[in-house]
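When the letters of the sequence shown are read in order and numbered with mature numbering (1 follows the signal peptide of the UniProt record, and there is no 0), they come out as residues -37 to -1, 1 to 755. All C-beta atoms, glycine included, are put in the ideal place defined by N, C-alpha and C.
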Amino acid sequence: MTHQPRRPLRTALRTLPAVLVAAASPALPVGTAAANAATELPDAPYSLDATHSPAPLTAADCATDVRCRLMAAPTGGDDHFDLQAALTAAGGRAQAAVVDANGTVVTPAVPATVLLREGTYSVTKPLLVPPNVNLRGASIKTTAIKIHDDAPWINFNYNFIIRPKVTIDLEGADPAPGSVNTISDLALNGRCIKGKGEYSETGSKEPTILPDEQFPSGCESDAATQNNAGGGIKAGHRWTVQQVRFTNFNYFKMWVSKTRDVRIVDSRWDNWGGAGSGDEDNIGGGAGATNTVIEHNQWDQTIRGNSFDLTHATNVTFRNNKVVANRYYADLRNVEAYGSVYFESVLGGMVSDNDLKGANIVLKSNANYLHEGENLDVVNSRDIVVTRNRIRDTFNTGITANYDDYSQSLATHKRFSGGNNAITDNVITNTAKSAIMISGMSNADKDAPDIITGNLITNVGVDGSTEYSGYDNVGIAIGIGTGDKVHHNTIVDDQERPTTWYGMQIGSSINKDITVTGIHLTDANGEGWNVTSRTLGGQRKNGVLPALAPTNLAVTNGVFTWSESTPQDAAKGYSPIAGYRVYRNGVEVATYPVGSHVVPGNLLTAAQSGFESGVTGWTLSGGTVAAKTGDAAVGNGSLLATTGATSRTVTANGPAVPVTAGTLYTSVASYKAVTNDGRMVRAGITWRDASNKSLGQVAATNRFTRASTGNWVTSSYSHVAPAGAVKAEPFLVIDNSLAHEQHLIDRVGLVAGTNTEGWTDGAWAPGNRYQVVAYRLSDSQASTPATVISGQ
């Protein structure tokens, strides 16, 4: 990410844009496989032992190298003067590279080495490493450099324990063409918390979590400088950082900015031994950095902040790394997630063969930073391959590619589109949200198709959420793009209680400014349809023009109620609500065409509501009523309303029921046209006082409940009983009915509160997860589920 002073809510800047807001999510019951998964350790636990590094340099090795010097043991005080003198002297012993006029190395550099002994060296100021100088320790476990306990934080403000002596700037000439530097086989301790972070084979691995109100940076540093002081290493051109442990840092642990050809290999990040941590990235930077390789590194579950985040970089490789994030530490630090891998405004790269637990991968733009400097213009990530990664138990999506911009009204700027990213052959298991999400703000933000193929996805939505960023819990969400290739993927749910709603969702349900066109669901040979198994809703969902979810879902001892799904404008392509489905623990247990058989808490009797035995108590202003059999919303009977000889708005008026002034009531009714489509139909209420005087008639104003000869539509309306009201009557409106037109009315209700749909579960038990969806008439596709967990 970009190097600049920390701002309030810094972590929020690394999340998806504000438009991508998660729906409220009930917690999973303790003891479920999904809840327990976040506490499991990876197959191979975090270890400081080298996996891809040579043995450390020994004192005997150093003695045979004329360019190597062995440092004296740590003094126990400030070792900065001696260390800096040794590094400066080493610069004089090093042999610089010979390069030709084109900058090509003709004769490689021969570095000089400063070898540290076992023990902990303390420094009160940054160490400046000249070109072609290596700084090595006895081993990652036995040699350490830390910020001295008495060093003023101002000495390390926006600064690091180790940094280049020369100025690094890609826009200027290379200050040392062909130079090479290695920092290896040692630990760096940022003194976030004094006296903590030292390695011990038998010591505690637990970090110290300081309260935010007292220590907002997570460290003991001085309040005046705590936000940006005390980093680990700032790399120079062609630096290799290998077998280095980073711990107890307030600022960026590893900074890679304006550099070329940096390699970070086999290094470690943790907060063992009671260490603390600021929330800055473990590896951060960018600013034009090119040809950066991060491989075979490990991040322990005790870290804080993103594992990796570069902004404005090219040709970045992140491979064969292991990151572990744990819900226990996320909750202790009160953060939604940590450990994530971010490629922001990165052009060209590879993310491959990594093992991520709890962490996820995000490709995005820089649109959420302050709109100034290098972040004035917006660059969307492109040409990145994300392949063969193993991603488990994420707190969010598994892999996200997001394309966006910010408004020109905020600042005049250029926007560079993204795309041509490939997400292939990844194994993604137990994600909190969807597994793979391709999302955006507007079509112009992406100008090349992405490829999503060969991914194996198992169990999404395991955090109990129902919707995120306009997408249900799906294996693959495609919300933007033309010509994307999405095939040969497998999406399965192997849980006892499935949480995966669809294999794939095409189109966002909340952003109508983006489209998906020309998507390829097979390869060029017509093969490779995505395979789904045990998804609740089926293989695919069209997210555009969805049915709205039911609201106010509640349960008491197995009795469930909810409010009606709100109809939407058919002229824009929305389909009427056809009914509701109920799921228990991922299994459909009830389907209600039109609505539930009984309106829960109905103040009307069954006869007054369902017309199974006639229409006693009902009248029609502007026409007549009669009983009708054989065509009903529920049961067999309905009310037939016939408009008189004059075209007009007609109203059906029902029996009065007692009410209490100041209480909220809801009227509901289902309608069907017999002769002509298109009349607006509305549920309402007539209020009356003790003398039977009308206190007013109120009705829904939703213009999208239109009667049809082919299906039933439902209208509902809620209103607070006015002062003096003691009675209420159903007041059901058919607007602008033509003379002699006929309409059917059924399933009428008047209830206290808002919920007019209901279901009772004879197998109810605490801990069950229940979900209710509204499904639309045209294709039976479901709304986003409303969710409740019994007993919570």
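| Check | Outcome |
| --- | --- |
| Using a Cβ-Cβ cut-off of 8 Å (strictly less than) and excluding sequence neighbours within five positions of Ser167, which residues of its own chain qualify? | Trp235, Gly236, Gly237 |
| Out of Asp263, Ser240, Trp202, Gly251, point me to the one whose CA is closest to Ile257's CA. | Trp202 |
| Determine the extent of the beta strand (DSSP E) in which His706 is found, giving its start and end residues. | 705 to 715 |
| Is Asn418 buried or exposed, if buried means 16 or more other CB atoms sit within 10 Å of its CB? | buried |
| If you reduce the DSSP assignment to three classes, tell me which class Ser700 lands in. | strand |
| Could you check what DSSP says for Tyr537 in three-state terms: helix, strand or coil? | coil |
| I want to know whether the segment 326 to 337 touches the segment 283 to 296 - three or more CB-CB distances under 8 Å. | no |
| Can you tell me whether Leu373 is buried or exposed, with buried defined as 16 or more other CB within 10 angstroms of its CB? | exposed |
| So is Arg154 buried or exposed if we call it buried at 16+ other beta carbons inside 10 Å? | buried |
| Which full runs of the beta strand (DSSP E) of 3+ residues lie inside the segment 630 to 696, going along the chain? | 644 to 651, 657 to 662, 676 to 683 |
| Pull up the distance between the alpha-carbon of Thr357 and that of Asn269, whole angstroms please. | 13 Å |
| For Tyr291, count neighbouring Cβ atoms within 10 angstroms of its own Cβ and tell me buried if that reaches 16, exposed if not. | exposed |
| How is Gln58 classed by DSSP in three states: helix, strand or coil? | strand |
| Smallest Cα separation from residue 792: which of Cys31, Thr145, Glu307, Gln458? | Here the chain covers residues -37 to 755 and nothing more, so residue 792 does not appear. |
| Check this for me: beta carbons of Gly470 and Asn493, under 7 Å apart or not? | no |
| Just mark Asp63 as buried or exposed, buried being the case when its beta carbon has 16 or more other beta carbons within 10 Å. | exposed |
| Who are the Cβ neighbours of Ala662 in its own chain at under 7 Å, not counting the five residues just before and after it? | Arg645, Ala646, Gly647, Tyr680, Phe694, Val696 |
| How far does the beta strand (DSSP E) with Arg290 in it reach, from first residue to last? | It is not in any beta strand (DSSP E) - Arg290 instead sits in the alpha helix (DSSP H) that spans 290 to 295. |
| Among Gln261, Lys448, Asp294, Ala385, whose alpha-carbon lies nearest the alpha-carbon of Val325? | Ala385 |
| So the alpha helix (DSSP H) Ala23 belongs to, where does it begin and stop? | 22 to 26 |
| From Ser142 to Asp367, what does the alpha carbon distance come to, in whole angstroms? | 39 Å |
| Does the distance from the CB of Gly549 to the CB of Pro461 come in under 7 Å? | yes |
| Which of the three DSSP states, helix, strand or coil, is assigned to Gln502? | strand |
| Does the structure place the segment 64 to 72 close enough to the segment 105 to 118 that three or more beta carbon pairs sit under 8 Å? | no |
| I'd like the span of the beta strand (DSSP E) that includes Gln744, first residue to last. | Where Gln744 is concerned, there is no enclosing beta strand (DSSP E), given that its DSSP letter is neither H nor E. |
| To the nearest angstrom, how far is the alpha carbon of Asn565 from that of Ser678? | 16 Å |
| Short check: CB of Thr747 to CB of Asp476, under 7 Å? | no |
| For Arg666, count neighbouring Cβ atoms within 10 angstroms of its own Cβ and tell me buried if that reaches 16, exposed if not. | exposed |
| State the start and end residues of the unbroken alpha helix (DSSP H) segment that holds Gln571. | 569 to 573 |
| So Arg355 and Lys320 are supposed to be a Cβ contact under 8 Å. How far apart are they, rounded? | 5 Å |
| Work out the CA separation of Val225 and Gly312 for me, nearest whole Å. | 14 Å |
| Quick one: Cα of Pro685 to Cα of Thr719, how far? | 21 Å |
| Whose C-beta lies closer than 6 Å to the C-beta of His376 among residues of the same chain, with five residues either side of it excluded? | Leu339, Asp340 |
| Expressed to the nearest angstrom, what Euclidean distance is found between the alpha-carbon atoms of Tyr738 and Gly580? | 33 Å |
| Given Pro(-9), which residues of its chain have a CB within under 6 Å of its CB, disregarding the five upstream and five downstream residues? | Its pLDDT being 34, under 50, Pro(-9) is placed unreliably by the model, and nothing is read from it. |
| Under the criterion of a Cβ to heavy atom distance below 6 Å, does Glu81 qualify as lining the ligand NAD? | The ligand NAD is not part of this structure, which contains no ligands at all. |
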